[in-house]
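To keep things clear, I will list the structure first and then write my remarks on it.
Right, dumping it as structure tokens:
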């Protein structure tokens, strides 16, 4: 079973074991971005962070995971 996402996505310049483990999370982030979903809903459902209780943590997680997901689509590493 997949562990819950960390508060911040990795920032390494190569894919990490964590990235591979959370590939579905990154795919969901790209899907909801394409759908223009509200970041608060995404944080709660995909990242499992309550944006009403922890708005800064939720927003930071949303931004870093979306940025990492977009980076992964540009890098194309195996």
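Residue numbers (this note's numbering): 5 to 82. Backbone N, C-alpha and C fix where the C-beta goes; we use that ideal spot for every residue, glycine too.
DSSP places residue 53 in the coil class of the three-state scheme, outside both helix and strand. Residues of the same chain with a CB within less than 6 Å of the CB of residue 20, apart from the 5 flanking positions on each side, are 14 in chain order.
The DSSP-derived three-state label of residue 19 is coil.
Taking a C-beta distance under 7 Å as the contact criterion, residue 50 and residue 32 qualify as a contact pair.
When secondary structure is reduced to three states using DSSP, residue 59 falls in the helix class.
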